[in-house]
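Working notes, beginning with the structure itself.
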Amino acid sequence: MASIHAQKNRAGSTYRVLWRQNGRQRSLSFENLPAAERFKTLLEDHGPDGALRIIEPDEIGRHVPTVAGGRTRISTI
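Put into structure tokens, the structure is as follows:
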């Protein structure tokens, strides 16, 4: 099961999708709620590996997923 958490910052809001994979919490941040909801649905329908293969890079803007501290994170290029 995945969840979405809104985060406010100076630039507006971002939406973090959290899920568990291999016993660890992972997260991926999105610039808008519809993209976060789509990814959450992909996680629930296809599992983490499938969702990460399906997600389109343009849905999260010009960002690259990285792994830091056991969490998947989006970093600006």
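According to this note's numbering, the stretch in the sequence shown is residues 193 to 269, in order. Note that the Cβ used here is the ideal one computed from N, Cα and C, for glycine as well.
For residue j and residue i, the rounded distance between their alpha carbons
| i | j | result |
| --- | --- | --- |
| Q199 | S219 | 13 Å |
| N201 | E248 | 24 Å |
| S205 | F222 | 9 Å |
| N196 | L225 | Per the sequence shown, residue 196 should be read as Ile rather than Asn. The straight-line gap from Cα to Cα measures roughly 9 Å. |
| T233 | G215 | 20 Å |
| A228 | A203 | 17 Å |
| H238 | Y207 | 20 Å |
| Q213 | D241 | 9 Å |
Limits of the alpha helix (DSSP H) - the one that residue i falls within
| i | result |
| --- | --- |
| G239 | 225-246 |
Cutoff 8 Å; reference residue i; Cβ partners in own chain excluding five residues on either side
| i | result |
| --- | --- |
| L235 | A194, V209, W211, A243 |
Own chain partners of residue i with C-beta closer than 7 Å, once the 5 adjacent residues on each side are dropped
| i | result |
| --- | --- |
| R245 | none |
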